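Residue numbers (the numbering used here), protein chains in the order written: chain D, 1 to 453; chain X, 1001 to 1453.
2 protein chains.
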Amino acid sequence: MQSPPHDIPPAHAIAELASQLEDDGVASARAFAEIFHNLEPEDMALALEALPLEKRLSVWQQIPHEEKLDALVAMRGEARLLLLRHLSLAELHQLFDEIEAEDLLELAETIPDAVVDMALGRMDEQQRKYFEMAQQYDDESVGHWLNHDILIVPQNTRVADALRLLRRETSDYTEVLYLVDRTGRWTGCARINRLLSAQSHQSLAELREEDYPSLRAEEDMYEAAEEVEKSKYVALPVLNSEGVLLGRLDVGTAMDLLREQAENQLMSTAGLGEDADLFAPVKRSARTRAVWLGINLMAAFVSASFISLFDATIEQVVALAVLMPVVASMGGIAGSQTLTLIVRGLALGQISPANFNALLFKELRVGALNGALWSLVIGIIAGIWFKSVLLGLVITAAVAGNMIVASISGVVIPVMLDKLKLDPALSGSVILMTVTDVVGFVAFLGLGTLILL
Amino acid sequence: MQSPPHDIPPAHAIAELASQLEDDGVASARAFAEIFHNLEPEDMALALEALPLEKRLSVWQQIPHEEKLDALVAMRGEARLLLLRHLSLAELHQLFDEIEAEDLLELAETIPDAVVDMALGRMDEQQRKYFEMAQQYDDESVGHWLNHDILIVPQNTRVADALRLLRRETSDYTEVLYLVDRTGRWTGCARINRLLSAQSHQSLAELREEDYPSLRAEEDMYEAAEEVEKSKYVALPVLNSEGVLLGRLDVGTAMDLLREQAENQLMSTAGLGEDADLFAPVKRSARTRAVWLGINLMAAFVSASFISLFDATIEQVVALAVLMPVVASMGGIAGSQTLTLIVRGLALGQISPANFNALLFKELRVGALNGALWSLVIGIIAGIWFKSVLLGLVITAAVAGNMIVASISGVVIPVMLDKLKLDPALSGSVILMTVTDVVGFVAFLGLGTLILL
Chain D
1 MQSPPHDIPP
11 AHAIAELASQ
21 LEDDGVASAR
31 AFAEIFHNLE
41 PEDMALALEA
51 LPLEKRLSVW
61 QQIPHEEKLD
71 ALVAMRGEAR
81 LLLLRHLSLA
91 ELHQLFDEIE
101 AEDLLELAET
111 IPDAVVDMAL
121 GRMDEQQRKY
131 FEMAQQYDDE
141 SVGHWLNHDI
151 LIVPQNTRVA
161 DALRLLRRET
171 SDYTEVLYLV
181 DRTGRWTGCA
191 RINRLLSAQS
201 HQSLAELREE
211 DYPSLRAEED
221 MYEAAEEVEK
231 SKYVALPVLN
241 SEGVLLGRLD
251 VGTAMDLLRE
261 QAENQLMSTA
271 GLGEDADLFA
281 PVKRSARTRA
291 VWLGINLMAA
301 FVSASFISLF
311 DATIEQVVAL
321 AVLMPVVASM
331 GGIAGSQTLT
341 LIVRGLALGQ
351 ISPANFNALL
361 FKELRVGALN
371 GALWSLVIGI
381 IAGIWFKSVL
391 LGLVITAAVA
401 GNMIVASISG
411 VVIPVMLDKL
421 KLDPALSGSV
431 ILMTVTDVVG
441 FVAFLGLGTL
451 ILL
Chain X
1001 MQSPPHDIPP
1011 AHAIAELASQ
1021 LEDDGVASAR
1031 AFAEIFHNLE
1041 PEDMALALEA
1051 LPLEKRLSVW
1061 QQIPHEEKLD
1071 ALVAMRGEAR
1081 LLLLRHLSLA
1091 ELHQLFDEIE
1101 AEDLLELAET
1111 IPDAVVDMAL
1121 GRMDEQQRKY
1131 FEMAQQYDDE
1141 SVGHWLNHDI
1151 LIVPQNTRVA
1161 DALRLLRRET
1171 SDYTEVLYLV
1181 DRTGRWTGCA
1191 RINRLLSAQS
1201 HQSLAELREE
1211 DYPSLRAEED
1221 MYEAAEEVEK
1231 SKYVALPVLN
1241 SEGVLLGRLD
1251 VGTAMDLLRE
1261 QAENQLMSTA
1271 GLGEDADLFA
1281 PVKRSARTRA
1291 VWLGINLMAA
1301 FVSASFISLF
1311 DATIEQVVAL
1321 AVLMPVVASM
1331 GGIAGSQTLT
1341 LIVRGLALGQ
1351 ISPANFNALL
1361 FKELRVGALN
1371 GALWSLVIGI
1381 IAGIWFKSVL
1391 LGLVITAAVA
1401 GNMIVASISG
1411 VVIPVMLDKL
1421 KLDPALSGSV
1431 ILMTVTDVVG
1441 FVAFLGLGTL
1451 ILL
């Protein structure tokens, strides 16, 4: 059967319906049921996130009970937290009845500890064991996020027995059997396709795939996700430090992780969390954003204090005040181009001490070339605008100098932050902008003082 | 077997070795061979991208011949283009001998047409047919990027025959058989696991999975990749408008697409292409970045021209010149926070006419709250710094006003650009910054003129 055309994103359709919802929340339950039918949990999650808080709650009530938990797990952290806060304890009990370890791990940080304990109390023993094992690993490591939906068999199992087991199995992303020795250590994988052409009395150890890659539970989860992507397998086994097979990281989870990482990078350039909620309450949004505004304000006052060194000059040559934002902005843009390229290079693992100098030298030359071009353009425009050749010369020198400094800073700042284990995507741009502002203002106003007065 | 620890990214190890390479390129071929052994093509590609151009060529020569094409396909567009330009025609011939349609499609845009024709001439007929079919679809659509490594069988095939076929098959990501009717129309999929428990005389049509999703060849490739991600299947069938099965989009390709999209978003905020090369030649880098600098320069001159309206005021109250960047920057930061959130919401499909007003109102209130807070802080600091209550009042009003305008602009500008089919991630921030600069300068200097003179 073909899926319906996706011309209208489900989030839009639901938002449209929700906007017609009467405030008492009774209208059009049938219309909702129609939309929710056949919708993936990710789409439900997007739809919920696309709704103002009150509407989010009314729509939540329309979601079929058995889909609620999946939708909740698929939601972004902040949106989910706010929804959970509005659910009664009875609803939470019902929701978390028979919850699996993976889902509870995903939710654990956004629900009260008492609710986690309640859910654990109702969990079956195997799932609770999984939960506790995952908790032993840092929540940035792959051991915290592994998947237990995996077919593990002793390596000396006969093909006939393995095929019998497979007939009962319907889990996602199954292409291999995971083989272990008597102590639970992983010894390799056997492809199901190879089982079909094997003799029924052969042992699986004979069908073992050569060079099948594996992951260590302590490994960083994003790096592990990349290894899954590169491997072209649908999942990789995850082992503890003794080589014991704990579970697997499948390609679905790997995709979620890579997407989360990308969102994180994008949002952090504006000082936002990757899980920020479009419709978080005003006070909450204002509070989370205030920190970034405060940091930037300090940077802005640093720049202002440098300008104030030259107030006597500005009083005499007002054109300097008019043009100084141009000088600062050109440095800022040139610097963030370099910074963005370097931040990506760092994330991909392309930048090392061995190529640092070559990179720095290259960016320096790009900065010099664009500096030469644009400083001349700006100098000519400024010279004509204010009818002063000297002013044109001053701004040309200041822009060229600032753009060269910006290129160097665009390489050095993120690499330095990375060495200090700070996120260059987050703090890199504030530091860079402060440098280009200060250098721009000081160069322009300083030269102006020397030459124009 | 366990994969080696990934503590040192391969790109670093190779860059390190390359930096020791004698300029004649003969040294340590054995050391290279050791590193390249067991390396995925993606890692080779990253390593090549991490090298300055001359080194890139010497290392390229060290790559085992049979791995070269895969490494080339995995490279980012610009880096690949520059490498290809340095290869001789003889090398290209050798490289593209027996190339498959998918790989040639990936490379087609970065190699000369004559080389594409040469490769097509040596391609086997089936692959050439695939290539020509893909060319019929736009290169943003899934029909252009589909994978033909797929098991297609008539739906009335017997289970016994299907199992025989499967015994010979070893392609990646195989969990189902794709069923078609006599005209080639896709009728559904049958899971291989279900074949194991079926009677050997049953037809595959009886084992068909209910509600198996599919993609249309004209569909946008990024949307299609998201559908694969959500589906939890390792691949989805791709159909033409008549329902004929053309191929599939597998989860590996879907991951590449989603990563490409994320990189694109991140890079475009700095006016860079997603495939930009760390070590592109200086002139080339300078040229691609110059466009963005030029656009920003125009914006900067717009701001400057508004400042110049108030030159008489600045001459009398120099503190205004000192503080005006603070006013502009606070608006800029508040605006880009909103913009970033909205751009993500647009990319996810969360923003619709139905929730636009609620969003606008929410951001307006966040802007007002943070505006109230920070304008007061700034007003107090400025008042004390310049010992003027009136100046403190002027800057308080200007910052508060600018931050409120910034919040509204942060919602309205990207939504408007999106409606005009322009990329809000690319052009949104320039427009926003121009608005916040102009509003900040005019509000601050205008109020200063009215109140302080």
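Each residue gets a CB set at the ideal place from its N, CA and C atoms; glycine is no exception. The model shown is predicted, which means the values in this text are computed figures rather than measured ones.
Residue i classed as buried or exposed, judged by whether at least 16 other C-beta atoms fall within 10 angstroms
i: VAL1322 (chain X); result: buried
i: PRO1064 (chain X); result: exposed
i: GLY345 (chain D); result: buried
i: ILE1413 (chain X); result: buried
i: GLU363 (chain D); result: buried
i: LEU1453 (chain X); result: exposed
i: GLN1265 (chain X); result: buried
i: VAL1291 (chain X); result: exposed
i: ARG1277 (chain X); result: The residue you asked about is not Arg; residue 1277 (chain X) is Asp in the sequence shown. By the neighbour-count rule (16 or more Cβ atoms within 10 Å), ASP1277 (chain X) is buried.
i: LEU1239 (chain X); result: buried
i: ALA1114 (chain X); result: exposed
i: LYS1055 (chain X); result: buried
Presumed contact (8 Å Cβ cut-off) between residue i and residue j, rounded CB distance
i: ASP35 (chain D); j: PRO52 (chain D); result: Note that residue 35 (chain D) is Ile in the sequence shown here, rather than Asp. Incorrect: roughly 18 Å between the Cβ atoms, too far for contact.
i: SER1429 (chain X); j: SER1336 (chain X); result: 6 Å
i: GLY1271 (chain X); j: LEU1146 (chain X); result: Rounded, the Cβ-Cβ distance is 32 Å, inconsistent with contact.
i: MET1330 (chain X); j: LEU297 (chain D); result: 6 Å
i: THR434 (chain D); j: VAL302 (chain D); result: 6 Å
i: ALA1398 (chain X); j: ALA1443 (chain X); result: 4 Å
i: ALA286 (chain D); j: VAL1366 (chain X); result: 5 Å
Chain D residues whose Cβ lies nearer than 7 Å to that of residue i
i: SER1336 (chain X); result: ALA270
i: TRP1145 (chain X); result: Per Cβ cutoff of 7 Å: no residues; TRP1145 (chain X) is ~16 Å from chain D at best.
i: LEU1453 (chain X); result: Correct list: empty, because the minimum Cβ distance to chain D is about 14 Å.
i: GLN1350 (chain X); result: ALA11, LEU46, GLU49, ALA50, LEU278
i: GLY1345 (chain X); result: LEU278
i: ASN1370 (chain X); result: ALA286, ARG289, ALA290, LEU293
Contact list for residue i against chain D, beta-carbon separation under 9 Å
i: MET1416 (chain X); result: Going along chain D, no residue has its Cβ under 9 Å from MET1416 (chain X), so there is no contact; the nearest lies around 17 Å.
i: ASN1240 (chain X); result: Near ASN1240 (chain X) there are no residues of chain D at all, since even the closest Cβ is about 12 Å away, more than 9 Å.
i: PRO1325 (chain X); result: ALA300, SER303, ALA304, ILE307, MET324, PRO325, ALA328, ASP437, PHE441
i: LYS1362 (chain X); result: PRO52, LEU278, PHE279, ALA280, PRO281, VAL282, SER285
i: ALA1262 (chain X); result: LEU258, ARG259, GLN261, ALA262, GLU263, GLN265, LEU266
Chain-ordered chain X contacts of residue i [CB-CB under 7 Å]
i: GLU315 (chain D); result: GLU1315, VAL1318
i: LEU359 (chain D); result: LEU1278
i: ALA15 (chain D); result: SER1352, ALA1354, ASN1355
i: ARG365 (chain D); result: VAL1282
Which of helix, strand or coil DSSP assigns to residue i
i: ARG158 (chain D); result: strand
i: PRO1325 (chain X); result: helix
i: TRP186 (chain D); result: strand
i: ILE1152 (chain X); result: strand
i: LEU239 (chain D); result: strand
i: SER1003 (chain X); result: At SER1003 (chain X), the pLDDT of 42 sits below 50, so the modelled position is not reliable; the number obtained from the coordinates is stated separately. Three-state DSSP puts SER1003 (chain X) in coil, outside helix and strand.
i: TYR1178 (chain X); result: strand
i: ARG80 (chain D); result: helix
i: GLY271 (chain D); result: coil
i: ASP250 (chain D); result: strand
Interface residues of chain D facing residue i [CB-CB closer than 8 Å]
i: ASP1103 (chain X); result: The contacting residues do not exist; ASP1103 (chain X) stays about 15 Å from chain D at best.
i: TYR1173 (chain X); result: GLU175, LYS232, VAL234
i: THR1340 (chain X); result: LEU266, MET267, THR269, ALA270, LEU272
i: ILE1413 (chain X); result: Under the 8 Å cutoff, chain D gives no residues; its nearest Cβ is about 14 Å from ILE1413 (chain X).
i: SER1388 (chain X); result: What SER1388 (chain X) touches in chain D: nothing, since even the nearest Cβ is about 14 Å away.
Contact list for residue i against chain X, beta-carbon separation under 8 Å
i: ARG167 (chain D); result: ASN1193, LEU1196, SER1197
i: MET255 (chain D); result: GLU1229, VAL1251, ALA1254, MET1255, LEU1258
i: ASP311 (chain D); result: VAL1318, ALA1319, ALA1321, VAL1322
Contacts of residue i in chain X (Cβ-Cβ under 9 Å)
i: TRP374 (chain D); result: ALA1290, LEU1293, GLY1294, LEU1297
Given 8 Å, three or more beta-carbon pairs between the region 1229-1236 of chain X and the region 1173-1182 of chain X: yes
The region 335-355 of chain D in contact with the region 372-382 of chain D per 3-pair CB rule at 8 Å: no
Sufficient close CB pairs (3 or more, under 8 Å) joining the region 1070-1077 of chain X to the region 1037-1050 of chain X: yes
Validate contact between the region 1200-1219 of chain X and the region 1114-1128 of chain X using beta carbons, cut 8 Å, 3 pairs: no
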